[in-house]
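Numbered per this note's numbering, the sequence shown spans residues 32 to 274.
Virtual Cβ for every residue (Gly too), placed ideally from N, Cα, C.
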Amino acid sequence: MKIVKLNAIDSTNSYLKELVRQTNVDNGTVVIADFQTNGKGQNKNKWVSDSGKNLTFSVLVRFDSLKVEGQFYLNYVVSIALYNVLKDYISEKLTVKWPNDIMSGNQKICGILIESTIKKSNVKNAIIGVGLNVNQDIFPVEVVKATSLKKVLNTFIDKEKLFDKILIEIQYQLIAIKKQEFKKIKNQYEAILYKMGIPSMFVDGNESRFLGKIIGTSLTGNLQVELENETIREFGVKEIRFA
Ligand code: BTN
Numbered sequence: 032m033k034i035v036k037l038n039a040i041d042s043t044n045s046y047l048k049e050l051v052r053q054t055n056v057d058n059g060t061v062v063i064a065d066f067q068t069n070g071k072g073q074n075k076n077k078w079v080s081d082s083g084k085n086l087t088f089s090v091l092v093r094f095d096s097l098k099v100e101g102q103f104y105l106n107y108v109v110s111i112a113l114y115n116v117l118k119d120y121i122s123e124k125l126t127v128k129w130p131n132d133i134m135s136g137n138q139k140i141c142g143i144l145i146e147s148t149i150k151k152s153n154v155k156n157a158i159i160g161v162g163l164n165v166n167q168d169i170f171p172v173e174v175v176k177a178t179s180l181k182k183v184l185n186t187f188i189d190k191e192k193l194f195d196k197i198l199i200e201i202q203y204q205l206i207a208i209k210k211q212e213f214k215k216i217k218n219q220y221e222a223i224l225y226k227m228g229i230p231s232m233f234v235d236g237n238e239s240r241f242l243g244k245i246i247g248t249s250l251t252g253n254l255q256v257e258l259e260n261e262t263i264r265e266f267g268v269k270e271i272r273f274a
């Protein structure tokens, strides 16, 4: 596995994307940076992370036969991989908030941004971007619900060791996609889902608040929420958030 280490870059996802466009990049190539000047988050948000304290990296994965409709399974396996590694550090309260935020209690400890290239309804390749808060103590006031491993555990964490473990686990979990073990992936993912079965307040795409409980995910990767009247509503990524 080729690992490119950079001091600073705009975004490891953007850098790797450009590299793939310009040259012949090996499957599994990783780009890691101490600092990103323009780190990207989901929904066009920024990903801000103190220099040298955290893990911000991207992995290139090529696929032969992953259908666009099954792309969400890639989000699931990467979430499961991060969950499995972090579980050895934080034994309690670790969950995955749909679709792919890793949570310690009600605070986000890790974000994942997957950007893929599609060709003829297949995922040709994907850039898996991971931002994991490791040794950062203080977060900007606007990022209220963020935490780091160090904050949770009250101890300094060896970033390099953690990084190695994550890369191994991501590669391992990706085998389930290659083997098309989608049912197994879905079951594993749902078993670690944030607020699963717990009555919670949500906001839908029309900004209406409602009470419901997450009961699982659909075969298209939507979130399934049971309402007070026991009907089930399904939501896509931008159609629901916690109130
Ligand atoms: C999120 O919004 O939760 C996703 C955050 C993803 C951040 C990582 S940091 C490494 C990689 N490069 C980026 O620009 N973003 C991802």
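Item	Value
Whether Leu144 touches Gln211 by CB criterion (8 Å)	no
Contact belief for Leu163 with Asn85 at Cβ below 8 Å, rounded distance in angstroms	6 Å
Supposed contact pair Leu91 and Thr60 - C-beta distance, whole angstroms, cut 8 Å	5 Å
Inter-stretch contact at 8 Å, needing at least 3 Cβ pairs: the segment 101–118 / the segment 130–149	yes
Cut-off 7 Å between Cβ atoms - residues of its own chain near Lys226, not counting five sequence neighbours on either side	Ile245
Beta-carbon proximity list for Lys118, same chain, < 7 Å, skipping 5 on both sides	Leu125
Same chain, Cβ closer than 7 Å to Phe170, five either side skipped, listed in chain order	Ala177
Buried/exposed call for Gly83, threshold 16 Cβ in 10 Å	exposed
CB contact flag (Asp41, Gln167, <8 Å)	no
Neighbour flag for Glu146 against chain D, beta carbons, 8 Å	In the structure shown, chain D does not exist; there is a single protein chain.
Ile34 versus Phe194, Ser122 and Met134, residue with shortest Cα-Cα distance	Phe194
Ile197 and Val116 closer than 8 Å at C-beta	yes
Top-ranked residue by Cα proximity to Asn137, from Glu123, Thr148, Ile149 and Glu146	Glu123
For Thr60, the three-state DSSP class (helix, strand or coil)	coil
Residues near Val268 by beta carbon distance below 7 Å, same chain, minus five either side	Pro130
Whole-number beta carbon distance between Phe88 and Asn156, since they are thought to touch under 8 Å	Contact doesn't hold; Cβ gap of about 16 Å is too wide.
Own chain partners of Phe66 with C-beta closer than 6 Å, once the 5 adjacent residues on each side are dropped	Ala39 and Ser82
Lys196 in three-state terms, based on DSSP	helix
Cβ neighbours of Ile121 in the same chain (closer than 6 Å, five flanking residues each side left out)	Ser135 and Val183
Run of the alpha helix (DSSP H) containing Ile111, from where it starts to where it stops	Phe103 to Lys118
Ligand 1 site residues, beta-carbon cut 6 Å against heavy atoms	Ser42, Thr43, Asn44, Gln67, Gly70, Lys71, Gly72, Gln73, Asn76, Trp78, Thr87, Phe88, Ser89, Asp132, Gly142, Ile143, Leu144, Gly160, Val161 and Gly162
Cα-Cα separation, Asn253 to Asp235	13 Å
Opening and closing residue of the beta strand (DSSP E) in which Lys244 lies	Arg240 to Thr248
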